[in-house]
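Heads up: the protein sequence lines correspond to chains P and V, in order.
For reference, each letter of the first sequence is one residue, going 404 to 783 in my numbering.
For reference, each letter of the second sequence is one residue, going 2 to 146 in my numbering.
Virtual Cβ for every residue (Gly too), placed ideally from N, Cα, C.
This one's a predicted model, so the numbers in the text were calculated from it and none came from an experiment.
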Amino acid sequence: MNWFAVVASTIFVVLIGALMIAMPAITPKTTPLGVSVPLQRAEEPVVRRAVARFRRGVVVAAVVTVAVTAGLAAIDPVWAIVVPTLLMVVLTGAAYVLTRRSIQRVKADEGWFDEVPVRLTGSIVPPEQSTAGVPLGWYLGSVVVLAITVAVGVARYAELPDPMPIHWDAAGQVDGFAPKSVWSVFGPLMIGGGMIVLFYAMSLLARRSPSRRMSGMAPEESRRHAAVTQHLLLAALGQLLLLVTLLMSVLSLLAWFPSVQAAMPLAMVLFLFLTALVLAGLVMRYVRAGHRVKEPAPAGTTAAAAQPRPDAPDDDRYWKAGLFYVNRNDPAVLVPKRFGIGWTVNLGHPGVAVGAIVFTVLIVALGIVLPGFGHLGAGR
Amino acid sequence: MAQMGWEMQLEIDPRSAVPIYQQLRDRTVEAIARGWLVPGQQLASVRQVAVSFGINVATVSKAYDALRQDGFIHTNRKSGSIVARGPGHPVDRAFQAAWTDRLTTVLAEAVAQGMSASEIKRAVGGIIEGFDRSRGSAGSTRMKG
Chain P
404 MNWFAVVAST IFVVLIGALM IAMPAITPKT TPLGVSVPLQ RAEEPVVRRA VARFRRGVVV
464 AAVVTVAVTA GLAAIDPVWA IVVPTLLMVV LTGAAYVLTR RSIQRVKADE GWFDEVPVRL
524 TGSIVPPEQS TAGVPLGWYL GSVVVLAITV AVGVARYAEL PDPMPIHWDA AGQVDGFAPK
584 SVWSVFGPLM IGGGMIVLFY AMSLLARRSP SRRMSGMAPE ESRRHAAVTQ HLLLAALGQL
644 LLLVTLLMSV LSLLAWFPSV QAAMPLAMVL FLFLTALVLA GLVMRYVRAG HRVKEPAPAG
704 TTAAAAQPRP DAPDDDRYWK AGLFYVNRND PAVLVPKRFG IGWTVNLGHP GVAVGAIVFT
764 VLIVALGIVL PGFGHLGAGR
Chain V
2 MAQMGWEMQL EIDPRSAVPI YQQLRDRTVE AIARGWLVPG QQLASVRQVA VSFGINVATV
62 SKAYDALRQD GFIHTNRKSG SIVARGPGHP VDRAFQAAWT DRLTTVLAEA VAQGMSASEI
122 KRAVGGIIEG FDRSRGSAGS TRMKG
């Protein structure tokens, strides 16, 4: 039965759709749909219409994708998981690229940036150290979860099945085995351990990410905006890490003890649901924090801080499709995202460009090699 | 002092005819006059400044060269760049001569455009007063911090 594939990809599609519909609300006012506009033009009718059209496009994309999923599930459950996610990403991407054009057209025709002063702003004193700490509790929890599972594996090693199930098909049935070894028994837990290191590294990077003043924002407002973003992203990273290590532990236990293997689809759906919950929580807290950031400056700050600030120059030409930042003159590796929460890389940076190519090659190589392993095992 | 990075934001007009490195140099000198930067204070590295503005490293390097040339900053290979001038610093004779030349041109522009002597004096006094006021409040913030 393919209910698992259908449920899992529907959750995925709804999750992506909900995030995309929420996105314009958490994007800075001066970059609606990733188009840079002067603050005084942020509420123009053309902007509102474009955002509304984008949201309708996302709903259409989700409906089409779920319909295609149901059709595919009847044919092949594997396709029913891979295709919908890709289809949803491509369709929402198309909605984004098509709807943002109308803002860009009117902006160029009416010369929105010709009539406002623009300034590049920055500082020549060393950037202050971020006060946001990495929430170590989630990391400690992840380590404990993995340690307990490893302890169970070591204690019951003699009773574990040989060969060991290492691969499940899209319907949640085991379709790949490997001879029992330290690698086949503890492999997923080792990946979990690697994830802890990776997430910790990402957290340190997020702490060091440069905070630039946002267009049309006073410095104090910008500072609070950057601090809130860092704090929420660090928390979400920690929560996601705990979910990933929990998943790795559950997968290990399912592989070790055949009597509970039927719970596999349930575990996957639960994992997706909790991931959706963490992301929804991040978006909701971000929206609420966004209102707090706009509160008037506390007593004691200078009046100058409360005055409206000049807009940042129109930098649309550096944002390919409003998503990818390519600016050879900018030495920054990380820059605040145009559309979304957090940071993105500057593909114009030589190091980043090389890294992006290596990463893509690695992903493609893994995509070719990993399924091969599963099928090799299945042949045994 | 901890908040200096955010309160002391320098602004550069990318559409101005004045080159960006020159604007960066001028805004830095003004920051010293206003007391936002004080002698001995650590400056960000050239790269950090370039990242903060999102501009070319070479542009910032040129601005730092210009500041160094006029003695406003010192750069040490180990400790980086620090502010080397400030109110109360003994005035360099050569600087004063060159500055008087430039000021002569600026004042001549005002006179040639029809500004009266009292208008010019009022403008100059206002600017100097602004620097003093800013230094006073920057000093008190620093005390509190």
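Assuming P/V467 contacts P/L494 (C-beta within less than 8 Å), just tell me the rounded distance between them.
The residue you call residue 467 of chain P lines up with position 64 of the first sequence. The residue you call residue 494 of chain P lines up with position 91 of the first sequence. Beta-carbon to beta-carbon, P/V467 and P/L494 are separated by about 7 Å, close enough to satisfy the 8 Å threshold.
Near-chain V residues of the stretch 722–745 of chain P - C-beta to any C-beta below 8 Å
Those would be N730, N732, D733, P734, A735 and V738, in chain order.
Taking DSSP as the reference, what is the three-state secondary structure of P/A708?
In the first sequence, the residue the question calls residue 708 of chain P occupies position 305. Its pLDDT being 46, under 50, P/A708 is placed unreliably by the model, and nothing is read from it.
Check whether chain V comes within 8 Å of P/I527, counting only Cβ atoms and requiring the distance to be less than that.
For the purposes of this step, residue 527 of chain P is taken as residue 124 along the first sequence, with counting starting at 1. It does: the Cβ of P/I527 has a partner Cβ on chain V nearer than 8 Å.
Could you tell me how far apart the beta carbons of P/V672 and P/V410 are, in whole angstroms, since I believe they sit closer than 8 Å?
As a working note, residue 672 of chain P is residue 269 in the first sequence. As a working note, residue 410 of chain P is residue 7 in the first sequence. About 6 Å separates the two Cβ atoms, so the contact holds.
Interface residues of the stretch 504–533 of chain P facing chain V [CB-CB below 8 Å]
Listed in sequence order: P520, V521, R522, L523, T524, G525, S526, I527, V528, P529, P530 and E531.
If we call anything under 8 Å between Cβ atoms a contact, is P/S545 one with P/I599?
On the first sequence, residue 545 of chain P is found 142 positions in, with the first residue counted as 1. On the first sequence, residue 599 of chain P is found 196 positions in, with the first residue counted as 1. Yes, the Cβ-Cβ distance between P/S545 and P/I599 is below 8 Å.
Beta-carbon of P/A706 versus every beta-carbon of chain V: anything under 8 Å?
In the first sequence, residue 706 of chain P corresponds to position 303, counting from 1. At P/A706, the pLDDT of 46 sits below 50, so the modelled position is not reliable and the matter cannot be decided from this model.
Rounded C-alpha distance that separates P/S799 from P/S606:
Lying before the first or after the last residue shown, residue 799 of chain P is absent from chain P, which here runs from 404 to 783.
Taking P/F742 as the reference, give the member of P/D719, P/L640, P/V417 and P/P622 with the closest Cα.
Counted from its first residue, the first sequence places residue 742 of chain P at position 339. Per the C-alpha coordinates, the member of P/D719, P/L640, P/V417 and P/P622 positioned closest to P/F742 is P/D719.
Would you call the stretch 732–750 of chain P in contact with the stretch 428–435 of chain P, where contact means no fewer than 3 C-beta pairs closer than 8 Å?
Three or more pairs of CB atoms, one per stretch, sit closer than 8 Å, so the stretch 732–750 of chain P contacts the stretch 428–435 of chain P.
Roughly how many whole angstroms lie between the Cα atoms of P/A497 and P/A465?
Looking up residue 497 of chain P in the first sequence gives position 94. Looking up residue 465 of chain P in the first sequence gives position 62. Looking at the two C-alpha atoms, the distance is approximately 13 Å.
What residue range is occupied by the uninterrupted beta strand (DSSP E) comprising V/I160?
A query on residue 160 of chain V cannot be resolved here, the shown segment of chain V reaching from 2 to 146 and no further.
Specify the secondary structure class of P/K787 as computed by DSSP and reduced to three states.
Residue numbering for chain P in the displayed model covers 404 to 783; residue 787 of chain P lies beyond these limits and cannot be assessed.
Assign P/P568 to one of three DSSP states: helix, strand, or coil.
In the first sequence, counting from the first residue as 1, residue 568 of chain P sits at position 165. Looking at P/P568 - three-state DSSP - the assignment turns out to be strand.
Supposed close pair V/M9, V/A32 - CB separation, criterion 8 Å
As a first step, residue 9 of chain V must be located in the second sequence, where it is residue number 8. As a first step, residue 32 of chain V must be located in the second sequence, where it is residue number 31. Confirmed, Cβ separation roughly 6 Å.
DSSP on V/T76, reduced to helix/strand/coil?
Residue numbering aside, residue 76 of chain V sits at position 75 when the second sequence is read from its first letter. In the three-state scheme derived from DSSP, where H, G and I count as helix and E and B as strand, V/T76 is classed as strand.
P/A735 versus P/H752: straight-line alpha-carbon distance, rounded:
Along the first sequence, one-based indexing puts residue 735 of chain P at 332. Along the first sequence, one-based indexing puts residue 752 of chain P at 349. Answer to the nearest angstrom: the Cα atoms are 7 Å apart.
With a threshold of 8 Å between beta carbons, is P/P622 in contact with chain V?
Walking along the first sequence from the start, residue 622 of chain P turns up at place 219. Yes, contact with chain V.
Since I believe P/P487 is in contact with P/S412 (beta carbons under 8 Å), could you give me their beta-carbon distance rounded to a whole number of angstroms?
Numbered from its first residue, the first sequence carries residue 412 of chain P at position 9. Numbered from its first residue, the first sequence carries residue 487 of chain P at position 84. Yes, P/S412 and P/P487 are in contact; Cβ-Cβ is about 4 Å, under 8 Å.
Thinking P/V461 and P/I506 are a contact (beta carbons under 8 Å), I'd like their distance in whole angstroms, please.
Numbered from 1 along the first sequence, position 58 holds the residue referred to as residue 461 of chain P. Numbered from 1 along the first sequence, position 103 holds the residue referred to as residue 506 of chain P. Rounded, the Cβ-Cβ distance is 17 Å, inconsistent with contact.
Is the stretch 762–771 of chain P touching the stretch 10–27 of chain V, taking contact as three or more C-beta pairs under 8 Å?
No contact exists between the stretch 762–771 of chain P and the stretch 10–27 of chain V.
Measure the alpha-carbon distance for P/T648 versus P/V577 and round it to whole angstroms.
The residue labelled residue 648 of chain P in the question sits at position 245 within the first sequence. The residue labelled residue 577 of chain P in the question sits at position 174 within the first sequence. Going by the C-alpha atoms only, they are around 21 Å apart.
Under 8 Å, Cβ to Cβ, is there at least one residue of chain P near V/V107?
Within the second sequence, residue 107 of chain V is the residue found at index 106, counting from 1. With 8 Å as the cut-off, V/V107 does not count as an interface residue toward chain P.
Output needed for P/V681: all residues of its chain with C-beta closer than 8 Å, excluding positions within five of it in sequence on either side, in chain order.
Residue 681 of chain P sits at position 278 when you count from the first residue of the first sequence. Closer than 8 Å at the Cβ level, and outside the excluded window around P/V681, lie A639, Q642, L643 and L646.
CA-to-CA distance, V/N77 to V/G55, given in whole angstroms:
Looking up residue 55 of chain V in the second sequence gives position 54. Looking up residue 77 of chain V in the second sequence gives position 76. Looking at the backbone, the Cα of V/G55 and that of V/N77 are separated by about 25 Å.
Under a Cβ-count criterion, where at least 16 other Cβ atoms within 10 Å of its own Cβ denotes burial, should P/K510 be classed as buried or exposed?
As a first step, residue 510 of chain P must be located in the first sequence, where it is residue number 107. Flag for P/K510 reads buried.
P/M651: buried (16+ other C-beta within 10 angstroms of its C-beta) or exposed?
Residue mapping note: residue 651 of chain P aligns to position 248 of the first sequence, counting from 1. Buried is the call here.
Among V/I74, V/A85, V/A95 and V/R26, which residue has its Cα nearest to the Cα of V/T60?
Your numbering for residue 60 of chain V matches position 59 in the second sequence. Of the listed residues, the one whose Cα sits closest to V/T60 is V/R26.
Give me the Cβ distance between P/P530 and V/A45, rounded to the nearest whole Å; I'm assuming they're in contact under 8 Å.
Here residue 530 of chain P refers to the residue found at position 127 when the first sequence is read from its first residue. Here residue 45 of chain V refers to the residue found at position 44 when the second sequence is read from its first residue. With a contact defined as Cβ atoms closer than 8 Å, P/P530 and V/A45 qualify at about 7 Å.
Can you pull out the residues from the stretch 48–75 of chain V whose beta carbon lies closer than 7 Å to at least one beta carbon of chain P?
When CB distances to chain P are screened at a threshold of 7 Å, the residues of the stretch 48–75 of chain V falling below it are R48, Q49, V50, A51, V52, S53, F54, G55, I56, N57 and V58, in chain order.
Tell me whether P/P487 sits in a helix, a strand or coil according to DSSP, three-state version.
For the purposes of this step, residue 487 of chain P is identified with residue 84 of the first sequence, where counting begins at 1. Three-state result, P/P487: helix.
Taking C-beta to C-beta, are P/R616 and P/T524 nearer than 8 Å?
Within the first sequence, residue 616 of chain P is the residue found at index 213, counting from 1. Within the first sequence, residue 524 of chain P is the residue found at index 121, counting from 1. P/T524 sits close to P/R616, with the two beta carbons spaced by under 8 Å.
Residues in its own chain within less than 7 Å of V/Q43 by CB, not counting five upstream and five downstream?
Within the second sequence, residue 43 of chain V is the residue found at index 42, counting from 1. Apart from the 5 residues on each side of it in sequence, V/Q43 sits with its Cβ closer than 7 Å to the Cβ of G81 and I83 in its chain, given in chain order.
P/F407 - DSSP class collapsed to helix/strand/coil
Locating residue 407 of chain P in the first sequence gives position 4, where the first residue counts as 1. Helix, per DSSP.
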